[in-house]
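Take a look at the structure set out below.
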Amino acid sequence: MGQTLTEKILDDHLVEGELTPGEEIGIEIDQVLTQDTTGTLVWLQFEALGLEEVQTELAAQYCDHQTYQFDFKNTDDHRFLRSAAGTFGAHFSRPGNGICHNVHKENFAEPGKTMLGSDSHTPTPGGLGELAIGSGGLDVAVAMGGGAYYIEMPEVVNVRLEGELPEWATAKDVILELLRRLSVKGGVGKVLEYTGPGVETLTVPERTTITNMGTELGATSSIFPTDDQTKDYLERLGREDVFEEIGPDEDAEYADEIVVDLSDLEPLIAEPSMPDNVVPVSEVEGVDVEQVMIGSCTNGAYEDILPAAKMLEGRNIDKKTEMIVAPGSKQASEMLAREGWTAEMMAAGVNFSEATCGACIGIGHVPASDSVSLRTFNRNFEGRSGIEDDNVYLCSPEVATAAAIKGEIVDPRNLADDLGDLEAPGLEMPDSYIGNSESDLIAPENAVDDELIKGPNIGDVPLKDPLETEVGGEALLKMEDNITTDHIIPATQDILMYRSNVPKLSEFTLSRVDDTFAERALESDGGVLVAGENYGQGSSREHAALCPMYLGIETVLAQSFARIHKANLFNFGIVPLTIDEETYEKIEQGDDIEIVDDAAEAVKSGQTEFTIRVNDDWEATGQLDASEREREILAAGGKLSHTKQQHDEGGAAPADD
1 MGQTLTEKIL
11 DDHLVEGELT
21 PGEEIGIEID
31 QVLTQDTTGT
41 LVWLQFEALG
51 LEEVQTELAA
61 QYCDHQTYQF
71 DFKNTDDHRF
81 LRSAAGTFGA
91 HFSRPGNGIC
101 HNVHKENFAE
111 PGKTMLGSDS
121 HTPTPGGLGE
131 LAIGSGGLDV
141 AVAMGGGAYY
151 IEMPEVVNVR
161 LEGELPEWAT
171 AKDVILELLR
181 RLSVKGGVGK
191 VLEYTGPGVE
201 TLTVPERTTI
211 TNMGTELGAT
221 SSIFPTDDQT
231 KDYLERLGRE
241 DVFEEIGPDE
251 DAEYADEIVV
261 DLSDLEPLIA
271 EPSMPDNVVP
281 VSEVEGVDVE
291 QVMIGSCTNG
301 AYEDILPAAK
311 MLEGRNIDKK
321 TEMIVAPGSK
331 QASEMLAREG
341 WTAEMMAAGV
351 NFSEATCGAC
361 IGIGHVPASD
371 SVSLRTFNRN
381 FEGRSGIEDD
391 NVYLCSPEVA
401 TAAAIKGEIV
411 DPRNLADDLG
421 DLEAPGLEMP
431 DSYIGNSESD
441 LIAPENAVDD
451 ELIKGPNIGD
461 VPLKDPLETE
471 VGGEALLKME
481 DNITTDHIIP
491 ATQDILMYRS
501 NVPKLSEFTL
511 SRVDDTFAER
521 ALESDGGVLV
531 AGENYGQGSS
541 REHAALCPMY
551 LGIETVLAQS
561 FARIHKANLF
571 NFGIVPLTID
581 EETYEKIEQG
591 DDIEIVDDAA
601 EAVKSGQTEF
611 TIRVNDDWEA
621 TGQLDASERE
631 REILAAGGKL
641 SHTKQQHDEG
651 GAAPADD
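Residue 1 is where the sequence shown starts when you use the UniProt record's numbering, and the numbers rise one by one after that.
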């Protein structure tokens, strides 16, 4: 039996386990990536582990989320990150240089490599044949120190592409179609591997749009084989030396197959407030639009913005609509400016923003009250834009630009009919990618700093005590399905500035669900969280586990967990127990919940079913799905405690965890 491309790359990097779906495997990591909202903790943990130098082939630290530096705390964090990169041996991308995924794609992504990143959209370079996985920052710190990354072997699903995209349909519509079919939970525990004759019709920038937003399906990763399109793209970047032709064996077997005929696609749009709430644009025409934004790691490349510029040439945006372009990288900004397209868009009424993630997480360009915003981003979770009752739609740059011209949602095919001379711009790649990356991307050998620089807002990483015999407490909060990491720890600028100050950041824990939660948790000395399906979906930010741990949360009872967040709960010593729907419905907020078993002993012994007693009145069962390694971490009080304990006892070095 032949291997899939995913299996080939994993096999080449396998250090422990077997490639059997559901079984835990350990893999060697070639590249790591981190950014400014997660990177401060990554480097503080790297330091706490006693590690002195990056051991992976490449490490890159980007400053892309809080680039506006509203407060000295943001600027201090960026200075600390620059000093950490210089001290430990990582590339440093300065604030304003661009979004990590875009800059990494331009400079470092390589076919056949493995990458781990402390950002959920890390799978973006899968469009170049790199197997990239998002994770919590502590996993990145350990991998960066030379340790293996452990994960359950995912199922590999074949997404077979046939046909060719028609006019006005785009790569964004490919992934929106998959979200429409599969939902935000449809990719959990899976790698989506793209094959079929339709693959060769897609450029690398189109492929990376698809792999980037595969995260919204809950997928572990997404990947394309390499071919002439890959080679051509790398040549235009001046990086043809890293090209390698890789793909699945002809007789590769997949867990499942999904067929998408590209020629059947039409412009699609995700309505508020979930990425899988997808309908044809034609079904929502006529909705007034006050804001249009083109950018993000999904659609912020030169190739994404150029079609918008062509559509706007000689035209103006509607007077009631504001349009902002936020390129994904400074390179894209520079190229558009040198070619005159920036001036063309400005003349049409477009405002330009710095190359940043900001607006995607509610930092800048927050929509007005009771208004509609069309964005080419990847997430439209309620409140993520910076205002609680937002109305954010997700679409392609072409659909967004058509709305800016018309002042309302319109199928661009219909707008073209109205305007007569408006042609489908299509996707156009430059002969070569230009831009001065040397001044904004500092290589380790050119490091500015050789020691850590910590401002007054940068604290230590809190450690948790080993798991105790008695685990439980008051059910402090009962939540619905699809609670995101944005609900658990919001990423708005007024909160995110405390990312390096865990005690202060913890004050905002679950404030978007219940603004009294943090205070109640501290007063009650912790307790239990209860949630429905898909708890912790969204960002990889480990603060969403670290802050509840700091507040004393001992266990989370949920019907199901998002992959990265569940791993983060283990990493910070919180017991994640899966409960059935009946138990979830029966538990009430305020109930007294106790795990009857000796928790510490049960976790260590491999016990999978735990008895939950509620109000000394009734009992139910919670399921612990954990590997032997995860159980050891949980019993020790988390991965940092576990690794330090091993090291102190003279066992495995931190890098070998």
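For every residue, glycine included, the Cβ atom is placed at its ideal position computed from N, Cα and C.
Item                                                                                                                       : Value
Residues bridged to K375 [DSSP beta-bridge criterion]                                                                      : Inspection of the sequence shows that residue 375 is occupied by Arg rather than by Lys. M293 and L394.
Coarse secondary structure for A270, derived from DSSP in three states                                                     : strand
Beta-carbon contacts of S353 that lie in its chain and below 6 Å, excluding the five residues immediately before and after : I324 and A326
Environment of I9 [buried if 16+ CB atoms lie within 10 Å]                                                                 : buried
DSSP three-state assignment for F381, whether helix, strand or coil                                                        : strand
Beta-bridge partners of residue 658, as assigned by DSSP                                                                   : What is shown of the chain runs 1 to 657, which leaves residue 658 out entirely.
Simplified DSSP assignment, three categories, for H565                                                                     : helix
Where the beta strand (DSSP E) through A48 begins and ends                                                                 : Element bounds for A48: not the beta strand (DSSP E) but the alpha helix (DSSP H), D36 to A48.
Alpha carbon of I579 to alpha carbon of G552, nearest angstrom                                                             : 21 Å
Whole-angstrom C-beta distance between Q31 and E57, which should lie under 8 Å                                             : 6 Å
Integer-rounded CB distance, given that Y550 should sit under 8 Å from P412                                                : Incorrect: roughly 48 Å between the Cβ atoms, too far for contact.
Distance between T4 and M274 (C-alpha atoms, nearest Å)                                                                    : 31 Å
One or two residues paired with L178 in a DSSP bridge                                                                      : Answer by DSSP bridge pairing: none, since L178 is not bridged.
Backbone CA spacing between D657 and V103 [nearest angstrom]                                                               : Since pLDDT at D657 reaches only 39, below the 50 mark, its modelled position is unreliable, and the value read off the structure follows with that caveat. The alpha-carbon atoms of D657 and V103 are separated by roughly 30 Å.
Distance CB(T492)-CB(I305) smaller than 9 Å                                                                                : no
N- and C-terminal bounds of the alpha helix (DSSP H) containing N102                                                       : C100 to N107
G137, enclosing alpha helix (DSSP H) - first and last residue                                                              : G137 to M144
Straight-line gap, N299 to A400 (C-alpha atoms, nearest Å)                                                                 : 11 Å
Outcome for F72 when other beta-carbon atoms lying within 10 angstroms are tallied against a minimum of 16                 : exposed
From W43, E152 and E630, residue whose alpha carbon lies closest to that of L138                                           : W43
The region 452–460 in contact with the region 570–586 per 3-pair CB rule at 8 Å                                            : no
For T621, the three-state DSSP class (helix, strand or coil)                                                               : strand
Where the alpha helix (DSSP H) containing S605 begins and where it ends                                                    : A599 to S605
Short CB-CB distance (under 9 Å) between M429 and chain D                                                                  : The structure shown has no chain D; it contains just one protein chain.
Continuous alpha helix (DSSP H) stretch holding R631: start and end                                                        : E628 to A636
Within 9 Å, strictly: CB atoms of residue 715 and E285                                                                     : Here the chain has residues from 1 to 657 only, and residue 715 is not among them.
Pairwise C-alpha distance: I317 and V350                                                                                   : 8 Å
C-alpha gap between E519 and E507, whole angstroms                                                                         : 7 Å
Inter-residue Cα distance where the pair is E523 and P503                                                                  : 15 Å
Those residues which DSSP pairs with T208 across a bridge                                                                  : Answer is none; T208 lacks a bridge partner.
Element boundaries [alpha helix (DSSP H), containing V502]                                                                 : V502 to L505
Assumed close pair I595, F610 - CB separation to whole angstroms, cut-off 8 Å                                              : 5 Å
Helix, strand or coil at M115 according to DSSP, with G and I counted as helix                                             : strand
Per-residue burial, W618 [other beta carbons within 10 Å of its own, 16 or more giving buried]                             : exposed
Length of the line joining the Cα atoms of M213 and D616                                                                   : 45 Å
Which listed residue (G218, T215 and T208) has its alpha carbon closest to that of T226                                    : T208
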